[in-house]
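Here's the structure, in structure tokens; my notes come after.
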Amino acid sequence: MELDYQIVDEKTKIYYGETLVSQLKMRTIEQPILFLTNQRYYDLFAEKINQQFLNPREIDWYICANTQCNHLTELSNLVTFAKRYPKNQSFIIIGFGNEGVMDLAGFFQKHTSLTAKLWLIPVSIRSMARALTQQRMILQLPNQVVLQTDNLPDRIVYDQTISEKQVEGKQIDFLIFICCGIVCDYRFLQNLYKNYPTSHQLAHRPFTGMLEEMIAFYQVDAENLSNYGKLFEQAFYLTENGHVLSASMKRLLGILFHLVWNTEIMNMSFQLKNFFIWLTHLNYPIEWPDHLSKSDYLENVLHLAKKSKKILVLKKIGIIEKYQSPNEQELVQTMTSYEKIISEIRGM
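Going by full-length UniProt numbering, the letters in the sequence shown line up with residues 1 to 348, in that order.
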């Protein structure tokens, strides 16, 4: 299947509903190809993919780590690797992998002096969300954005059979859909609650039917979706012992604190406690980590808020009201409300 996708004046085409191999078989590609991929996907798919091309010698693979790879060192290594190509040669850069690969490929193709088209092949809902977003970020590890540009690819190819096989990542992928519901559509969030009431359904029920809705949400609200919870998430990287939290745990708590803060300042009628209970049924770790200081964390949120852009405020779930920065009093109340919800759930 094929969809047209546009953000502002940038356009791309999205191909989905078929396996990656079958989609490659359908296309006659004459230019040389540079694949950027994670080690995991190189090991699983490189041989199969090479077989789909008439001249495999025209294919190069640049292999990144399986973890965060959109950082300065990786970009520098990629620039060195690409010096083998003559500047007058046109080719295709294909980013095939996780979110980091989407950013690395997008940033490199935008700023290289080489003549190249960009294709992105995301391997999960998370990397699909990143592919659908204009912003391409390069980090100074662990998580400081030092370079950023806007770049949508010429095409996005999504093979759901690849993402559905990665059962261990489904819980993290599901956060993307939860954010879509919170920011864009209350009805969509309700359907998530009905269709995925427990961790069993989350592990075994495919996400296939939600892909088109997700794409539609991102076409309208990609920036809001990618930034939701980000301020609260980033503060964990500045907090002592924050390094022991996984990136996905920081992401989860960032979303939750943004939502609690929003609910408090707008006096929203959203049933936060029921929402948190649902998350526990999905086996999300919603409790505050013992080794982190709450006061230090709130100080870091406040510090970032003073030097960052204002963040999204919803009038109610799915309806945007405005943008504003949290203040100290609001943050203290947010933590108090969060602690109260957790305490009540523990006592049930």
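Even glycine gets a Cβ: it sits at the ideal position worked out from N, Cα and C. Note that the structure is a prediction, hence the values are computed from the model and not measured.
What three-state label does DSSP hand phenylalanine 96 in the structure shown? Here the question's residue 96 lines up with position 96 in the sequence shown. DSSP places phenylalanine 96 in strand when its eight states are reduced to three.
Going by C-alpha to C-alpha distance, which of Ile176, Ser325, Ile162 and His204 sits closest to tyrosine 218? Here residue 218 is taken as the residue at index 218 of the sequence shown, counted from 1. When only C-alpha atoms are compared, the closest one is Ile176.
Three CB pairs or more closer than 8 Å across the stretch 195-215 and the stretch 267-275: no
Whose CA, out of Ile14, Pro142, Ile319 and Ile320, lies closest to the CA of glutamine 234? Within the sequence shown, the letter at position 234 stands for residue 234. Taking only the C-alpha atoms, the option nearest glutamine 234 is Pro142.
Would aspartate 296 and threonine 336 qualify as a contact pair, given that the criterion is a beta-carbon distance under 8 Å? Within the sequence shown, the letter at position 296 stands for residue 296. Within the sequence shown, the letter at position 336 stands for residue 336. Going by C-beta atoms, aspartate 296 is not nearer than 8 Å to threonine 336.
Verify whether the separation of the beta carbon atoms of valine 313 and glutamine 329 is less than 8 Å. In the sequence shown, counting from the first residue as 1, residue 313 sits at position 313. In the sequence shown, counting from the first residue as 1, residue 329 sits at position 329. No, they are not a contact pair.
Straight-line Cα distance separating glutamine 140 from valine 146: Along the sequence shown, read from residue 1 onward, the residue named residue 146 stands at position 146. Along the sequence shown, read from residue 1 onward, the residue named residue 140 stands at position 140. When rounded, the distance between both Cα atoms is 6 Å.
Quick check: the Cα distance between arginine 57 and leucine 245, rounded to an integer number of angstroms? Here the question's residue 57 lines up with position 57 in the sequence shown. Here the question's residue 245 lines up with position 245 in the sequence shown. Taking the straight line joining both Cα atoms gives about 43 Å.
Threonine 115: which of Asp9, Ile33 and Ile286 sits nearest, CA to CA? Translated into positions along the sequence shown, residue 115 becomes position 115. Nearest of Asp9, Ile33 and Ile286 to threonine 115, Cα basis: Ile33.
C-beta contact flag for tyrosine 15 and isoleucine 215 at 8 Å: Taking the first residue of the sequence shown as 1, we reach residue 15 at position 15. Taking the first residue of the sequence shown as 1, we reach residue 215 at position 215. Cβ distance not < 8 Å, so tyrosine 15 and isoleucine 215 don't count as in contact.
Per DSSP, glutamine 322 is paired with what? The residue labelled residue 322 in the question sits at position 322 within the sequence shown. The amino acid occupying residue 322 in the given sequence is lysine; glutamine does not appear at that position. According to DSSP, which records beta bridges pairwise, lysine 322 is partnered with Val313.
Minimum C-alpha distance to leucine 279 - residue among Leu202, Lys316 and Val157: To locate residue 279, count along the sequence shown from 1; it is residue 279. Closest by alpha carbon: Leu202.
Terminal residues of the continuous alpha helix (DSSP H) containing glutamate 212? Position 212 of the sequence shown holds residue 212. Its alpha helix (DSSP H) spans residues 211-227.
Checking the sheet assignment: what are the DSSP bridge partners for histidine 200? Position 200 of the sequence shown, counted from the start, is the residue given in the question as residue 200. None, per the DSSP bridge assignment.
Beta-carbon within less than 6 Å of residue 351's beta-carbon, same chain only, minus the 5 sequence neighbours each way: which residues are those? With the chain running from 1 to 348 in the structure shown, residue 351 is simply not present.
Should the stretch 223-233 be called in touch with the stretch 244-258, which here means at least 3 C-beta pairs below 8 Å? yes
8 Å Cβ cutoff met for tryptophan 61 and tyrosine 42: As a working mapping, residue 61 is identified with position 61 in the sequence shown. As a working mapping, residue 42 is identified with position 42 in the sequence shown. Yes.
Considering only residues of the stretch 17-90, which uninterrupted beta strand (DSSP E) runs meet the minimum length of 3 residues and lie entirely inside it, listed in chain order? 33-38 and 59-64
Between methionine 266 and serine 308, what straight-line distance do the alpha-carbon atoms span, to the nearest angstrom? Reading the sequence shown from its first residue, position 266 is the one you call residue 266. Reading the sequence shown from its first residue, position 308 is the one you call residue 308. Rounded to the nearest angstrom, the two C-alpha atoms are 21 Å apart.
CB contact flag (lysine 13, arginine 155, <8 Å): Here residue 13 is taken as the residue at index 13 of the sequence shown, counted from 1. Here residue 155 is taken as the residue at index 155 of the sequence shown, counted from 1. The answer is yes: Cβ separation under 8 Å.
When the Cβ atoms of the stretch 280-287 are set against those of the stretch 179-191, are three or more pairs found closer than 8 Å? no
Opposite valine 157 in the DSSP bridges: which residues? Numbered from its first residue, the sequence shown carries residue 157 at position 157. Paired residues: Tyr15.
Inspect the beta-carbon positions of isoleucine 92 and phenylalanine 53 and report whether they are closer than 8 Å. Indexing the sequence shown from 1 puts residue 92 at position 92. Indexing the sequence shown from 1 puts residue 53 at position 53. Contact: no.
With 16 as the cutoff for other CB atoms within 10 Å, does residue 354 come out buried or exposed? Because residue 354 is not part of the residues shown, which for the chain are 1 to 348, the question remains open.
Beta-carbon gap between glutamine 134 and isoleucine 7 smaller than 8 Å: Your numbering for residue 134 matches position 134 in the sequence shown. Your numbering for residue 7 matches position 7 in the sequence shown. A contact, by the Cβ cut-off of 8 Å.
If you follow the beta strand (DSSP E) that isoleucine 121 is in, where does it begin and where does it stop? Residue mapping note: residue 121 aligns to position 121 of the sequence shown, counting from 1. 115-122 is the extent of the beta strand (DSSP E) around isoleucine 121.
Using a 10 Å radius around the Cβ and a threshold of 16 neighbouring Cβ atoms, would you call asparagine 55 buried or exposed? Start at 1 with the first residue of the sequence shown, and residue 55 comes out as number 55. Burial call: exposed.
By a C-beta neighbour count over all protein chains shown, 10 Å radius and 16 as the cutoff for buried, is valine 167 buried or exposed? Your numbering for residue 167 matches position 167 in the sequence shown. Answer is exposed; the Cβ neighbour count stays below 16.
Whether glycine 100 touches glutamine 68 by CB criterion (8 Å): The residue labelled residue 100 in the question sits at position 100 within the sequence shown. The residue labelled residue 68 in the question sits at position 68 within the sequence shown. In this structure, glutamine 68 lies closer than 8 Å to glycine 100 by Cβ.
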